[in-house]
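Enquirer: Pasting a structure here, questions to come.
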Amino acid sequence: MMMMNKILCLLLVTIFVVVSAVDAGSSNRMRYKSPYPYYSSKEVRERKQAQQHLFKEFRQTPPPPPYQELYYMQTLDHFNFQTQGTFAQRYLLADQFWNRPAKGDSQCFGPVLFYTGNEGDITLFYENTQFMTNVLAQEMNALILFAEHRYYGTTLPFGNSSFLPENLGYMTSEQALADYAQLLHDVLEDLDASNCPVIAIGGSYGGMLSAWMRIKYPNVVDGALAASAPVLLFLGTGVDQEGFNKIATQDFAQTSADGSCATRIRNAFNEILDTAQQSGGLAKLTDTFSLCQPLTDVNDLVNWIEAGLTYMAMADYPYPANFLEPMPGYPVNVSCERLAATTDDVQGLLAVIGVYFNYTGATTCYDLNVTTTSSLGNDGWDYQACTEMIMPITSDGVNDMFPPQPFDLADLTTQCQQAWNTTPNPNWIPTYYNGANFVASNIIFSNGVLDPWRAGGVLEQMGDSIVPIIIEGGAHHLDLRMPQPEDPASVVEAREIETKLLTTWVKEASQRKMRKN
8 MMMMNKILCL LLVTIFVVVS AVDAGSSNRM RYKSPYPYYS SKEVRERKQA
58 QQHLFKEFRQ TPPPPPYQEL YYMQTLDHFN FQTQGTFAQR YLLADQFWNR
108 PAKGDSQCFG PVLFYTGNEG DITLFYENTQ FMTNVLAQEM NALILFAEHR
158 YYGTTLPFGN SSFLPENLGY MTSEQALADY AQLLHDVLED LDASNCPVIA
208 IGGSYGGMLS AWMRIKYPNV VDGALAASAP VLLFLGTGVD QEGFNKIATQ
258 DFAQTSADGS CATRIRNAFN EILDTAQQSG GLAKLTDTFS LCQPLTDVND
308 LVNWIEAGLT YMAMADYPYP ANFLEPMPGY PVNVSCERLA ATTDDVQGLL
358 AVIGVYFNYT GATTCYDLNV TTTSSLGNDG WDYQACTEMI MPITSDGVND
408 MFPPQPFDLA DLTTQCQQAW NTTPNPNWIP TYYNGANFVA SNIIFSNGVL
458 DPWRAGGVLE QMGDSIVPII IEGGAHHLDL RMPQPEDPAS VVEAREIETK
508 LLTTWVKEAS QRKMRKN
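Printed below as a string of structure tokens:
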């Protein structure tokens, strides 16, 4: 068979950007770093597992279906016919619910649900996308496929040398989409499933890839569910660059009638910056925030606090969860309650970020490198944020609670040239994927009102089958997570709409493919 030379099979039965800013040795916070590469790493997940007993509110949810871990020999460069290289791309396959077509049958009743892997180990997303794996797949009798994005997880085209400058030129979203198109073609052919409808599903950057997959490869995927996908958060789309931080601020402000939580956080940032200018100020801040190492640049502290606040807003789920860090249900509310119990703003801010960084109480000192710069040398997202994924997220300290930070392309370029010897092109993504003027069909764009990434989402109807779903009380791709009793009615309704639309698109695609054959 065609695939025998392309798959290295490792059978393994086993049972979700925000952003912290990366400081490249300067006082500016220009490059934005996803949490997923860090939180999907083996070391971090083992640490969380070891501390799970400290998370008193932890809830065991039904595991996703067991999967096979497989490897496909992928083309290194899809856009250069002189390049002959290949690499092993990991993908996960689960067929327990699949209504598999008979060999040679031109009709397929069981669709393929294809997760477009994003910036992290693919198993993290498999474990946290249970609406797809546990609910949709069963209701639709679907085959489950999760493909890992090149340069993440174990899918490293050059092994341990993948992040050397000479090997990074193949790290683009365009190459990743071409990977997915080729993998789908060959894997489904090997399974005698070429006539099966395919639905692309993803969250965050993965949601962007799902939407772009439908836009660029409508012959490969028949529809897409793009959850919390900020496809418009680029230059030239008309999106408010302060929108991300405004939404995060609103999340904290709305915990009380007077908005005092956000106001006090803003005041605390100002006090921190003032203290840093004083003699012995950095030492005082080191002591106040129980830092593991002496503070040498106040921006390192500011970046770390911003990471905790924005991650908390992003993962403001209505029930206890440890997708990123172990946190209670509605952690933003809990953190603001802790702040309200204090009289000093800086001590209050310390209590707030403790909900994110130390809810279990296991941490004795805070390491600012965690989630901000520790994986810089091996972080594919940082490279992407220095090439094509330029999402200008700014703050002004007036309409939001964060220190002022404008978008400065010249400064960003300097940082990226120092870190990766790259020159970022903020116009490439909106040019290649058509920005706000894309023409497509059969795409659901779901966005939670609490999610800061909503600022770059598709929020208005764009044709009969470009469907926005706004989820009141919803955080980052809440609709893709396992249904829970605490889910707001809005996400229950969103999942019902998604299921109905995807089922309709699958039926239409099945009929179209049958007529064609």
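Basically the working numbering = 1-based index in the sequence shown + 7.
Ideal Cβ placement from N, Cα and C applies to all residues, glycine included.
Short of 6 Å in beta carbon distance, which residues of its chain neighbour Tyr-366, apart from the five on each side in sequence? Order them along the chain.
Expert: Contacts found: Pro-333, Met-334.
Enquirer: Look at the alpha carbon of Leu-152 and the alpha carbon of Gln-354, and state the distance between them as a whole number of angstroms.
Expert: Roughly 47 Å between the two C-alpha positions.
Enquirer: What are the start and end residues of the alpha helix (DSSP H) that includes Leu-289?
Expert: Start and end: 288-295.
Enquirer: Tell me, to the nearest whole angstrom, how far the beta carbon of Asn-148 is from that of Met-489; I am working on the premise that it is less than 8 Å.
Expert: Not confirmed; about 20 Å, so no contact.
Enquirer: Taking the C-alpha atoms as reference points, what is the distance between Gly-404 and Phe-86?
Expert: Rounded to the nearest angstrom, the two C-alpha atoms are 44 Å apart.
Enquirer: Tell me, which residues are paired with Phe-409 by DSSP?
Expert: In the DSSP output, where bridge partners are listed per residue, Phe-409 has none listed.
Enquirer: Can you tell me which of the three DSSP states Tyr-366 falls into?
Expert: Note: Tyr-366 maps to coil in three-state DSSP.
Enquirer: Pull up the CB-CB distance for Val-238 and Ala-218, whole angstroms please, since I reckon it's below 8 Å.
Expert: The Cβ separation is near 6 Å, so the contact holds.
Enquirer: Can you tell me whether Leu-175 is buried or exposed? The criterion is at least 16 other CB atoms within 10 Å of its CB, across all chains shown.
Expert: Leu-175 is buried by the Cβ-count criterion.
Enquirer: Determine the contact status of Lys-253 and Asn-441, defining contact as a CB-CB distance below 8 Å.
Expert: Going by C-beta atoms, Lys-253 is not nearer than 8 Å to Asn-441.
Enquirer: Quick one: Cα of Lys-110 to Cα of Asp-197, how far?
Expert: For Lys-110 and Asp-197, the distance between alpha carbons rounds to 10 Å.
Enquirer: Say whether the region 221-229 touches the region 177-188, bearing in mind that this needs 3 or more beta-carbon pairs closer than 8 Å, one atom from each stretch.
Expert: Enough Cβ pairs lie closer than 8 Å, so yes.
Enquirer: Taking only runs of the alpha helix (DSSP H) that begin and end inside the region 294-318, which ones reach a length of at least 4 residues, in chain order?
Expert: Runs found: none.
Enquirer: Just verifying my parser: in three-state terms, what is the DSSP assignment at Tyr-79?
Expert: Three-state result, Tyr-79: strand.
Enquirer: Along the chain, where does the alpha helix (DSSP H) containing Asn-340 start, and where does it finish?
Expert: Start and end: 338-347.
Enquirer: So, with DSSP's three-state summary, where would you put Asn-174?
Expert: If DSSP states are grouped into helix, strand and coil, Asn-174 belongs with the helices.
Enquirer: Beta carbon of Pro-338, beta carbon of Met-319: below 8 Å?
Expert: Contact: yes.
Enquirer: In whole angstroms, what is the alpha-carbon distance linking Tyr-439 and Gly-166?
Expert: Distance between the alpha carbons of Tyr-439 and Gly-166: 29 Å.
Enquirer: Within the continuous beta strand (DSSP E) that includes Ile-436, where are the two ends?
Expert: Taken as a continuous stretch (DSSP letters only), Ile-436 belongs to no beta strand (DSSP E), being part of the alpha helix (DSSP H) at 435-439.
Enquirer: Does DSSP put Tyr-224 in a helix, in a strand, or in coil?
Expert: Coil, per DSSP.
Enquirer: Please state the DSSP three-state secondary structure of Gln-96.
Expert: Looking at Gln-96 - three-state DSSP - the assignment turns out to be strand.
Enquirer: Which complete alpha helix (DSSP H) runs does the region 212-275 hold, if anything under 4 residues is left out?
Expert: Those alpha helix (DSSP H) runs which fall completely within the region 212-275 and span 4+ residues are 212-223, 250-260.
Enquirer: With Asp-453 as the anchor, note down where its beta strand (DSSP E) starts and where it stops.
Expert: The sequence shown places Ser at residue 453, not Asp. That run of the beta strand (DSSP E) goes 450-455.
Enquirer: Touch check for the region 154-170 and the region 89-104: three-plus C-beta pairs under 8 Å?
Expert: Segments in contact, yes.
Enquirer: Could you have a look at Met-469 and say whether DSSP puts it in helix, strand or coil?
Expert: Coil, per DSSP.
Enquirer: Hey, out of Lys-507, Tyr-363, Asn-376, Ile-436, whose CA is closest to Pro-327's CA?
Expert: Out of Lys-507, Tyr-363, Asn-376, Ile-436, Tyr-363 has the C-alpha closest to the C-alpha of Pro-327.
Enquirer: Counting pairs of Cβ atoms below 8 Å between the region 267-284 and the region 394-401, do you hit three or more?
Expert: No, the region 267-284 does not touch the region 394-401.
Enquirer: Around the Cβ of Pro-172, are there at least 16 other Cβ atoms within 10 angstroms (buried) or fewer (exposed)?
Expert: Classification for Pro-172: exposed.
Enquirer: Examine the Cβ distances between the region 202-216 and the region 467-485 and report whether three or more of them are shorter than 8 Å.
Expert: Segments in contact, yes.
Enquirer: Decide yes or no for the touch test of the region 48-62 against the region 366-375: beta carbon pairs closer than 8 Å, at least 3 of them.
Expert: The region 48-62, when compared against the region 366-375, does touch it at the 8 Å Cβ threshold.
Enquirer: Go ahead and pull the three-state DSSP assignment for Lys-110.
Expert: Of the three classes helix, strand and coil, the one that applies to Lys-110 here is coil, per DSSP.
Enquirer: Going by beta-carbon coordinates alone, are Glu-146 and Ser-41 separated by less than 8 Å?
Expert: Their beta carbons are not under 8 Å apart, which means Glu-146 does not touch Ser-41 by this criterion.
Enquirer: According to DSSP, which residues form a beta bridge with Leu-152?
Expert: Paired residues: Leu-100, Phe-121.
Enquirer: Would you call the region 469-481 and the region 72-88 in contact, with 3 or more CB pairs under 8 Å?
Expert: They do not touch, by the three-pair rule.
Enquirer: Would you kindly report the start and end of the unbroken alpha helix (DSSP H) that includes Ile-208?
Expert: First-last for Ile-208: 205-210, but that is the beta strand (DSSP E), not the alpha helix (DSSP H).
Enquirer: Between the Cα of Gln-75 and those of Arg-461, Tyr-133, Ile-272, Phe-414, spot the shortest distance and give me the residue it belongs to.
Expert: Ranking Arg-461, Tyr-133, Ile-272, Phe-414 by Cα distance to Gln-75 puts Tyr-133 first.
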